[in-house]
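So in full-length UniProt numbering, spot 45 of the sequence shown is number 45, and the numbers just go up one at a time. For reference, the structure discussed in these notes is given below.
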Amino acid sequence: MPNAHVFGHKRFEVDANWKLVIEPFLEGYHVQRLHASTIGSMFADVATIMSRIGPHIRQVSGKAQFEPAMLDLPGENIHKTVTHSYLVFPNTVIVTSPYYISVMIIGPRAANRSTVDYFMLTPGPADSDKALDLYTRSYDMVLNVFGNEDFRAASLSQKGLESGALAELVYGGLEASIPAFYETVEQFCNP
Ligand SMILES: [Fe+2]
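Written out as structure tokens, the structure reads:
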């Protein structure tokens, strides 16, 4: 990453609390549902493996047709086989893809409003028309998926919570990283 090239940057304004913007990056089961018409079919519908690294969280999830033996294939690009998703506490999300890395810095602006600075990092500037085409299509795709699906879901969740209709929320076993994140937030707020 220190030598990566910033292929593109876009700032999103999201009508949601910063923690709601982070939530979809802490679980994988929404992918086949929220992203059913875009990237859902590219990913296996399985639980993620979660590791806590100090206050940070790493999740590893398999792509479609994932088999553990694929990890041992010589010369294989591991990012074609699994996705790594990191929460760098408190407010940065990093997601790996085969040819680029997505970095998002979520900025709290009000209790119900956030900015997201999205950066696409590539190994270097596009050195061919083919690379430029690949990076451009990936950039457009990821802005659409995050902006129109994940961030939109966060703003809808914000509206739902603000309505006061729900006395409490239950997080399921496939969402174990979310309570882990809130536990760390609480620790930092009430040391
Ligand atoms: Fe998502």
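Backbone N, C-alpha and C define an ideal beta-carbon position, used for all residues, glycine too. All of these numbers come straight from a predicted model, not from anything done at the bench.
Counting only the same chain and skipping the five closest in sequence on each side, list residues whose C-beta sits under 8 Å from that of residue i.
i    : result
D45  : Y29, V31, Q32
E162 : N112
A110 : none
L71  : I78, T81, V82
G160 : L166
S157 : A16, L20, E23
V14  : V21, R113, S114, T115, V116, F151, A154, S155
K63  : M42, F43, A44, K80, T81, V82, T83
Any idea if residue i is buried or exposed, counting beta-carbon neighbours within 10 angstroms, 16 or more meaning buried?
i    : result
S155 : buried
G164 : exposed
Q65  : exposed
P123 : exposed
V116 : buried
S114 : buried
H5   : exposed
A16  : buried
E175 : buried
D127 : exposed
E183 : exposed
V142 : buried
S41  : exposed
F87  : In the sequence as displayed, the identity of residue 87 is Leu instead of Phe. L87 comes out buried.
So what does DSSP say about residue i, is it helix, strand or coil?
i    : result
A64  : coil
W73  : The identity of residue 73 in the sequence shown is Leu, whereas the question assumes Trp. Three-state DSSP puts L73 in coil, outside helix and strand.
F89  : coil
D133 : helix
M1   : coil
P125 : coil
T81  : helix
D117 : strand
S97  : coil
A176 : coil
A110 : strand
For residue i, which residues in the same chain have their Cβ closer than 6 Å to its Cβ, ignoring the five residues on either side in sequence?
i    : result
T92  : I105
P125 : H5
I94  : Y86, V103
Beta-carbon separation of residue i and residue j under 9 Å?
i    : j    : result
P90  : V185 : yes
S61  : S85  : yes
F181 : K19  : yes
F119 : G8   : yes
E27  : T48  : yes
F43  : G147 : no
S97  : S138 : yes
Requested in this report: Collect the residues with a C-beta less than 5 Å away from any heavy atom of ligand 1 and give them in sequence order along the chain.
Outcome: P24, D150
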